[in-house]
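Asks: Using the numbering used here, the first residue of the sequence shown is number 346, and each one after it goes up by one. Cβ atoms here follow ideal geometry from the backbone N, Cα and C, with glycine treated the same way. Nothing here was measured: the structure is a model prediction, and the numbers come from that model.
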Amino acid sequence: MLKHYFIVGGLPEAVSTYIRHRNDLFESFSQVRKKQDDLLKSYFADIAKHSGKINAMHIERVFASTPAQLSRSHDGNSSRFRFRGVIPGVSHYDRLAGAIDWLEAAGLVIKVPIINSALLPFKGYEKENFFKLFLFDVGLLGMMNHLSPKVLLDANYGSYKGYFAENFALQELVAQGKDSLVNWQEKKSEIEFLYEHQGEVIPLEVKSGNITRAQSLQIFSQKYTCPYQVIFSGRPLKCVEREKVHYYPLYLAGFFPLS
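(1) Please check the pair Ile576 and Ala598, which I expect to be a contact at CB under 8 Å, by giving their CB distance rounded to whole angstroms.
(2) Measuring alpha carbon to alpha carbon, tell me which of Ser493, Glu449, Lys348, Arg378 ends up nearest Val407.
(3) CA-CA distance, Ser604 and Ser410?
(4) Just to confirm, is the Cβ distance from Phe565 to Ile536 under 8 Å?
(5) Go through its chain and collect everything with a Cβ distance to Val360's Cβ below 7 Å, but skip five positions before and after it.
(6) The alpha helix (DSSP H) spanning Tyr540 covers which residue range?
(7) Hey, could you find the ends of the alpha helix (DSSP H) Ile404 is sitting in?
(8) What separation, rounded to the nearest whole angstrom, lies between the Cα atoms of Gln521 and Gly452?
(9) Identify the continuous alpha helix (DSSP H) that holds Phe565 and give its terminal residues.
(10) What three-state label does DSSP hand Leu480 in the structure shown?
(11) Which whole-angstrom value is the C-beta distance of Ile455 and Phe481, which I expect to be below 8 Å?
(12) What is the DSSP secondary structure of Asn422, counted as helix, strand or coil?
(13) Comparing alpha-carbon positions, which option in Glu545, Leu498, Leu465, Phe479 lies nearest Ser423?
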């Protein structure tokens, strides 16, 4: 069912379409993609109508570029947002800041700062022009990147697997109020999300399959103190207290922490 969610996402209109045609999955997914395309067009129309003082074309270009940018993964991890190429002649954050802020305020993208230290407070290590942008709905993401339902069902989409898992986990966490997550990168190590809980830092690693080797978590634990580590993956729920690692199946990301 998680693969179905990757195709459909959580937008009510898309879910209703999926349910209405669920006796024929091929037809169901085909109709869902059409509905998602209609929704995307309505979002662009709303941008043109409600952009205010912000350049509507800039907002549209940033929104449209977000899925493609994240697809340029590095070692299976999603890419940071890059400004060059989004709008001809614009290559700096200052020219796009208003559009990015507008999209974030509208709930269409989720901005995750990238930091190079896991010390608190995170704000002290954030740079306004160094971040990742995720889409607010994983179903819309697949449609915007022209990934067919068959490709997603077969999990035959290369580096997208890691990115889809990241986007799904993030939108589930944010839906539960965990909206101050950051991405940690030091040297060649990266952890998808850091979560501050009661003054302690909990690293959250996201894996798209059952393989849960996490070298970055090992490096992180050698440098920083944390009560435990979390890995979202295809593995079942399990807590290995000796290693201080909590394994969550990816579909339970929105229920973290369980205790």
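Replies: The answer reads as follows:
(1) Locating residue 576 in the sequence shown gives position 231, counting from the first residue. Locating residue 598 in the sequence shown gives position 253, counting from the first residue. About 11 Å; that fails the 8 Å criterion.
(2) Numbered from 1 along the sequence shown, position 62 holds the residue referred to as residue 407. Scanning Ser493, Glu449, Lys348, Arg378 for the CA closest to the CA of Val407 turns up Glu449.
(3) Numbered from its first residue, the sequence shown carries residue 604 at position 259. Numbered from its first residue, the sequence shown carries residue 410 at position 65. Rounded to the nearest angstrom, the two C-alpha atoms are 38 Å apart.
(4) The residue labelled residue 565 in the question sits at position 220 within the sequence shown. The residue labelled residue 536 in the question sits at position 191 within the sequence shown. With contacts defined as CB atoms closer than 8 Å, Phe565 and Ile536 qualify as a contacting pair.
(5) The count along the sequence shown starts at 1 and reaches residue 360 at position 15. Contacts found: Val353.
(6) Your numbering for residue 540 matches position 195 in the sequence shown. Careful: Tyr540 lies outside any alpha helix (DSSP H), inside the beta strand (DSSP E) at 534-542.
(7) Within the sequence shown, the letter at position 59 stands for residue 404. Its alpha helix (DSSP H) spans residues 401-416.
(8) Position 176 of the sequence shown, counted from the first residue, corresponds to residue 521. Position 107 of the sequence shown, counted from the first residue, corresponds to residue 452. Gln521 and Gly452: Cα-Cα distance of roughly 14 Å.
(9) As a first step, residue 565 must be located in the sequence shown, where it is residue number 220. Segment 560-568, the alpha helix (DSSP H) holding Phe565.
(10) Within the sequence shown, residue 480 is the residue found at index 135, counting from 1. Note: Leu480 maps to strand in three-state DSSP.
(11) Taking the first residue of the sequence shown as position 1, residue 455 is located at position 110. Taking the first residue of the sequence shown as position 1, residue 481 is located at position 136. Indeed they touch by this definition, with Cβ atoms about 6 Å apart.
(12) Taking the first residue of the sequence shown as position 1, residue 422 is located at position 77. Of the three classes helix, strand and coil, the one that applies to Asn422 here is strand, per DSSP.
(13) Counting from one through the sequence shown, the residue named residue 423 turns up at place 78. It is Phe479.
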